[in-house]
Amino acid sequence: MDDVEAVVLVGGKGTRLQPLTFSAPKPMLPTAGVPFLAHLLSRIRAAGVRRVVLGTSYLAETFADHFGDGAALGLEISYVVEEVPLGTGGGIRNVSKFLTTDDVLVFNGDVLAGTDLGAVVATHRRTDADVTLHLVRVPDPRAYGCVPTDGDGRVLEFLEKTENPPTDQINAGCYVFRRSVIEAIPEGRPVSVERETFPELLAAGSRVSGHVDTAYWRDMGTPADLVHGSADLVRGIAPSAALPGPTGEALVLDGARIADGARVSGGTTVGRGVRIGAGARVEGAMLFDGAVVGAGAVVEHSVLGRGAQVGDGAILVDAIVGDRAVIGARCELRAGARVWPDVVLPPHGVRFSPDVE
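Structure, rendered in structure tokens:
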């Protein structure tokens, strides 16, 4: 697809993932051993696309610092900084001057998916569409943009987060635009493609197509989805050519030390220099570089930021611990608890269960 370019929108602040996003934008969070964006870029490269434009804003410099010109990935990457928030449509319009091809793949930068990008483009061209939306089916579509289609795949409506959705098909955050449609988006002001651009195209009689498939898909916007998506990558459930090691129950990076008797499973990522103590149990977790898990501690479906420490016998279930924070021995954090960077919890300082010892 050398006649297709890609745009990835990575300007969001990732507030739902705080405190992890205090030090890195959401697409740059270590996910299965590499920045999350690396998995998407690997899919774009595998599909045959060579030119990518990143629409950045929050901590914009971190993207270029890591990916550079893209040559190491076999890509040519350009960066456009969004000085003020412009929404999805405004963000796409903001990068238009860097585009040269007639067909442009556009991605939300916080979606993990395995869809065949070539097939999405093929649908776009076969139906001579102005815009084509990748659609997936979900059990509860109320929290997403609901997109009914007719028998020919033509989009009939775009219903953003409706309480009574007429279909289980939702907007999956991947589109193919004709460049002329991008250039017609109003410039210099916030625009939502979901609430403004797509409904206006339908009202004008433009051809908006839907490409529906059953490939892997997960919105990575919440801590639970980030943890589960990372585990799916490690176990090979979600496809990626960027995984820095073989798939399996755990991905253990350079310099990590796991003591005898410790159990690490469930798609856990053990970052560089991490230490896991004797008898600890770590399941489906993300341990960023330099984190420490004490002897006998339990860490399940949780994230430990860079340099975070979990004391002996502590229990973390569905918890987020910021960079360099210290969770004292025998503390217990559950049910979405979040600890900000550099916070120190003393031994036994936080419990969910009665402390009977």
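Quick note, the sequence shown lines up with residues 28 to 384 if you use my numbering. C-beta atoms are modelled at their ideal positions from N, C-alpha and C, and glycine is treated no differently.
On the DSSP bridge list, what partners appear for residue i?
i: Arg284; result: Arg302
i: Trp244; result: Ala140
i: Gly172; result: Glu187
i: Met313; result: Thr296, Val330
i: Thr159; result: Val203, Ser236
i: Gln196; result: Arg164
i: Asp130; result: Val31, Arg205
i: Glu103; result: Arg78
i: Thr58; result: Val61
i: Arg365; result: Ile347
i: Leu278; result: Thr296
Are residue i and residue j closer than 8 Å when you measure CB to CB?
i: Val261; j: Leu278; result: yes
i: Gly321; j: Gly334; result: no
i: Asp195; j: Pro168; result: yes
i: Gly82; j: Leu36; result: yes
i: Leu64; j: Pro57; result: no
i: Asp246; j: Asp252; result: yes
i: Phe134; j: Gly200; result: yes
i: Leu47; j: Gly136; result: no
i: Arg78; j: Glu103; result: yes
Expressed to the nearest angstrom, what Euclidean distance is found between the alpha-carbon atoms of residue i and residue j?
i: Ala341; j: Thr295; result: 18 Å
i: Glu227; j: Asp240; result: 25 Å
i: Gly118; j: Phe379; result: 43 Å
i: Val165; j: Trp244; result: 10 Å
i: Leu126; j: Glu214; result: 15 Å
i: Arg284; j: Val297; result: 9 Å
i: Asp369; j: Asp129; result: 49 Å
i: Thr249; j: Gln336; result: 22 Å
i: Val309; j: Pro381; result: 22 Å
i: Gly306; j: Phe94; result: 38 Å
i: Val377; j: Arg299; result: 28 Å
i: Asp16; j: Gly75; result: The chain is shown only over 28 to 384; residue 16 falls outside these bounds and no answer can be derived.
i: Gly349; j: Phe315; result: 10 Å
i: Leu86; j: Thr159; result: 30 Å
i: Val182; j: Val147; result: 14 Å
Excluding the 5 residues flanking residue i on each side, which residues of the same chain have their C-beta closer than 6 Å to its C-beta?
i: Val220; result: Thr115, Gly116
i: Ser123; result: Ile209, Glu210
i: Leu372; result: Ile354, Gly355, Cys358
i: Val344; result: Glu327, Arg361
i: Arg206; result: Leu126, Asp129, Val131
Can you list, in chain order, the residues of its chain with a C-beta nearer than 7 Å to that of residue i? Leave out the 5 residues immediately preceding and following it.
i: Ala73; result: Ala268
Taking only heavy atoms of the ligand NAD into account, decide whether any of them is closer than 7 Å to the Cβ of residue i.
i: His328; result: The ligand NAD is absent from the structure shown, which contains no ligand whatsoever.
Using a Cβ cut-off of 8 Å (strictly closer), state whether residue i contacts chain D.
i: Glu184; result: Although the question refers to chain D, the structure presented lacks it and comprises just one protein chain.
Residues in the same chain with beta-carbon distance under 8 Å from residue i, minus the five sequence neighbours each way, listed in chain order, please.
i: Gly180; result: Thr150, Thr154, Ser236, Gly237, His238, Val239
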